[in-house]
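Working notes for the structure below.
Protein chains in written order, with my numbering: chain S, 15 to 363; chain Z, 12 to 312.
Right under this line is the structure:
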């Protein structure tokens with residue numbers, strides 16, 4: 015092993031030491047039993063009877079990777095769309111309404127519901143795009159602020175006009191049984207993961223092998239150059255945001271038809287899928303093929319932490335803390351030049 | 012629901028309670044903004060401040076200790092921001108997103124670890140700030156109920172606004188903060204390290220956001236709820252964006268946002284669904300943001 019390699023390894027060892035040190039302190043605070051916590055973590059992330067917990071992790075991975083891909087489409091084009099949460103909620107809400115109220119043959123309703131969800135997500139993202147492009151509202155803050163109306167409108171819809179009153183919770187009726195995504199044979203995992211794999215492969219191809227993907231990347235890495243070379247910047251903005259929002263809407267639809275079979279208030283917001291997706295894509299520096307890996311990693315951290323809570327009484331928020339700490343330590347290595355410029359220019363603000 | 016409601020003393024009394032946290036946080040954000048640090052982690056700063064304020068108040072038995080603890084906790088966030096953004100060169104937006112999530116996770120974790128509850132912690136042991144009645148002023152109609160009987164933090168926020176205004180205009184640190192944002196090379200030529208100046212800015216920002224959190228958790232109420240900053244940090248970010256970090260305009264915008272905030276609280280009683288009243292502050296923020304941005308764009312275009 016040569017010294018240059020060792021020298022590059024050094025900082026990473028220090029970072030790992032920090033991260034585990036912080037984890038250690040957090041566990042000491044709650045007097046956790048380390049062995050139990052560790053076995054609880056691994057069992058809950060990857061084990062369980064018939065690998066039930068691993069299936070839960072994979073199911074979560076599906077949603078997180080989906081949201082990560084949604085963010086990635088925007089980030090790579092230099093657009094800091096952090097409104098994935100609103101787009102996700104809009105998609106999930108509309109998909110659920112279609113699933114509950116559209117009569118017809120199950121699979122057809124399912125397709126309509128998913129497509130409607132994607133359209134809703136795209137529309138919500140485009141709203142932020144219109145605000146930036148025509149009204150000069152910085153995308154970063156505009157897309158974020160749109161999260162709140164989306165969440166409150168969905169909360170109102172499931173709390174009042176479309177509420178399944180008999181269930182006692184603020185939620186819609188179940189979508190008709192024919193629309194439920196089937197399990198992959200022999201597992202307890204719905205086929206939603208296949209859809210996300212398709213999106214992930216599509217994202218890699220889009221990024222590396224298409225003109226639109228190339229232009230998006232050019233806009234992300236060198237916006238002035240993109241503008242000077244006559245790239246249609248505004249259509250590119252809308253196109254990118256529409257893709258981003260549609261993927262977020264798809265994730266909402268998959269969560270409804272694959273996991274919960276209805277829309278419950280807060281079900282897409284409280285697990286922080288959108289934010290976890292954002293940090294999952296930041297963790298790997300927006301490299302498309304690596305996103306599923308980091309998404310799986312963060313999903314495992316979350317389900318594993320739930321196990322630590324059960325076995326060793328470590329509050330499961332330890333997952334959120336550790337995810338944030340990891341991002342803090344890698345932040346210096348994420349090339350964010352284009353992102354910063356985006357925020358500072360913000361079309362005149 | 013009519014005009015009467017707007018001059019109702021109980022309503023006027025409530026306005027400053029909503030203005031104060033937004034104003035304090037926005038002033039902190041303004042300091043960072045002027046010094047060239049794009050800090051959108053105000054949400055997390057406030058949340059940690061609110062939690063630490065309850066911690067200090069509960070264990071040390073006085074609201075003053077609570078406010079001090081809130082400041083220290085939030086200054087800790089400022090130091091983390093400085094470590095990862097200024098020293099380790101992390102992108103400000105990435106660091107902000109991470110710190111916001113860190114704050115949400117840490118406060119919920121410690122709530123369970125220290126108090127053994129999840130969701131909310133309220134206890135008679137949490138000592139809150141009482142209102143300060145200003146003799147004479149209280150009797151004045153409209154202004155009296157609004158400006159008298161508020162927590163000390165409200166008066167401090169007003170003083171801080173003007174202090175910041177003059178600080179930016181006259182004081183050495185204020186001038187250096189502005190120089191760090193506008194012309195860091197000039198600052199280096201003058202023998203001052205811009206990064207150090209920005210660090211001071213982040214510490215001041217932490218102190219102000221800590222007090223903003225204290226206003227939420229030990230002045231408006233005496234309890235801590237998970238995620239109790241509830242978007243106010245983002246509203247403060249918008250206030251900073253819209254004003255370019257100038258102190259007096261920040262006061263005006265924060266007053267407007269705080270007014271809508273308390274108004275939305277007020278109209279909960281008149282039959283609107285709660286989701287719509289809860290949404291009002293964010294919609295108002297969006298509308299003001301859109302209107303001012305469009306106005307500026309039309310002027311520069």
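Using N, Cα and C, we set each Cβ at its ideal position, and we do this for glycine too.
The alpha helix (DSSP H) spanning residue i covers which residue range?
i	result
residue 268(Z)	258-277
residue 28(S)	17-43
residue 23(Z)	20-45
residue 249(Z)	243-254
residue 231(S)	225-235
residue 212(Z)	205-225
residue 299(Z)	285-311
residue 52(Z)	Unbroken run through residue 52(Z): none, as it is neither H nor E.
residue 176(Z)	163-180
residue 161(S)	161-173
residue 195(Z)	195-200
residue 180(S)	Residue 180(S) -> no alpha helix (DSSP H), and no H or E assigned at all.
residue 156(Z)	154-158
Of the choices the options, whose alpha-carbon is the least far from that of residue i?
i	options	result
residue 263(S)	200(S), 83(S), 187(S), 338(S)	83(S)
residue 223(Z)	241(Z), 210(Z), 207(Z), 206(Z)	241(Z)
residue 253(Z)	231(Z), 290(Z), 227(Z), 302(Z)	302(Z)
residue 78(S)	305(S), 117(S), 332(S), 249(S)	305(S)
residue 324(S)	27(S), 38(S), 46(S), 39(S)	46(S)
residue 20(Z)	127(Z), 62(Z), 153(Z)	153(Z)
residue 171(Z)	151(Z), 96(Z), 218(Z)	218(Z)
residue 269(S)	109(S), 31(S), 96(S), 21(S)	109(S)
residue 109(Z)	52(Z), 243(Z), 31(Z), 288(Z)	52(Z)
residue 194(Z)	39(Z), 36(Z), 46(Z)	46(Z)
residue 136(Z)	23(Z), 126(Z), 58(Z)	126(Z)
residue 35(Z)	297(Z), 239(Z), 233(Z), 226(Z)	226(Z)
residue 315(S)	330(S), 326(S), 301(S), 302(S)	330(S)
residue 204(Z)	214(Z), 188(Z), 216(Z)	188(Z)
Just the Cα atoms here: how many angstroms apart are residue i and residue j?
i	j	result
residue 118(Z)	residue 310(Z)	44 Å
residue 154(S)	residue 212(Z)	23 Å
residue 230(Z)	residue 141(Z)	7 Å
residue 231(S)	residue 221(S)	8 Å
residue 17(S)	residue 23(S)	10 Å
residue 182(S)	residue 106(S)	20 Å
residue 199(Z)	residue 190(Z)	10 Å
residue 65(Z)	residue 87(S)	41 Å
residue 351(S)	residue 102(Z)	Only weak support is given to the placement of residue 351(S): the predicted model assigns it a pLDDT of 42, under 50, and the value that follows is read from those uncertain coordinates. Each residue's Cα considered, the two are about 8 Å apart.
residue 326(Z)	residue 257(Z)	Since the displayed chain Z opens at 12 and closes at 312, residue 326(Z) lies outside it and no answer follows.
residue 33(S)	residue 209(Z)	26 Å
residue 292(Z)	residue 26(Z)	13 Å
residue 272(Z)	residue 62(Z)	21 Å
residue 291(S)	residue 238(Z)	20 Å
residue 220(Z)	residue 39(Z)	6 Å
residue 361(S)	residue 307(Z)	Reliability fails at residue 361(S), whose pLDDT of 34 lies under 50, so the model's placement of it is uncertain and the value that follows must be treated cautiously. Straight-line Cα distance between these residues: approximately 10 Å.
residue 100(S)	residue 138(S)	7 Å
residue 299(Z)	residue 145(S)	12 Å
residue 123(S)	residue 272(S)	14 Å
residue 289(Z)	residue 276(Z)	7 Å
residue 255(S)	residue 304(Z)	20 Å
residue 126(S)	residue 85(S)	24 Å
What does residue i touch in chain S if you count any residue whose Cβ is under 7 Å from its own?
i	result
residue 304(Z)	149, 150, 151, 363
residue 290(Z)	162, 163, 166
residue 227(Z)	Those do not exist, as residue 227(Z) stays about 17 Å from chain S at its closest Cβ, beyond 7 Å.
Given that residue i touches chain Z, what residues does it touch there, using C-beta distances under 7 Å?
i	result
residue 174(S)	284
residue 48(S)	Residues of chain Z passing the Cβ test: none, with the nearest at roughly 16 Å.
residue 145(S)	301
residue 296(S)	105
residue 289(S)	112
By the criterion of Cβ-Cβ separation under 9 Å, what are the contact partners of residue i in chain S?
i	result
residue 52(Z)	Near residue 52(Z) there are no residues of chain S at all, since even the closest Cβ is about 11 Å away, more than 9 Å.
residue 113(Z)	334, 335, 337, 338, 339, 341, 342
residue 57(Z)	The contacting residues do not exist; residue 57(Z) stays about 16 Å from chain S at best.
Name the chain Z residues whose beta carbon is nearer than 9 Å to that of residue i?
i	result
residue 78(S)	By Cβ distance, chain Z contributes nothing, its closest Cβ being about 14 Å from residue 78(S), past 9 Å.
Which residues bound the beta strand (DSSP E) around residue i?
i	result
residue 236(Z)	234-236
Closer than 8 Å by beta-carbon distance: list the chain Z residues that pair up with residue i, in chain order.
i	result
residue 346(S)	95, 99, 100, 101
residue 170(S)	284, 286, 287
In chain S, which residues lie with their C-beta within 8 Å of the C-beta of residue i?
i	result
residue 67(Z)	The contacting residues do not exist; residue 67(Z) stays about 18 Å from chain S at best.
residue 257(Z)	What residue 257(Z) touches in chain S: nothing, since even the nearest Cβ is about 14 Å away.
### Task
Jot down the residue ranges of each uninterrupted alpha helix (DSSP H) in the stretch 95-127 of chain S, minimum 4 residues, whole runs only, in chain order.
For the stretch 95-127 of chain S, whole alpha helix (DSSP H) runs of length 4 or above, ordered along the chain, are 98-115.
### Query
Whole beta strand (DSSP E) runs in the stretch 84-135 of chain Z with 3 or more residues, listed along the chain?
Counting only runs of 3 or more, we get 131-133.
### Task
Starting from the N-terminal side, write out each stretch of the alpha helix (DSSP H) that is 4 residues or longer and does not extend beyond the stretch 252-312 of chain S.
If we require 4 residues or more, the alpha helix (DSSP H) runs fully inside the stretch 252-312 of chain S come out as 287-297.
### Contacting positions in the stretch 113-141 of chain Z - beta carbon closer than 7 Å to chain C
Among the chains of the structure shown, chain C does not appear; the protein chains present are S and Z.
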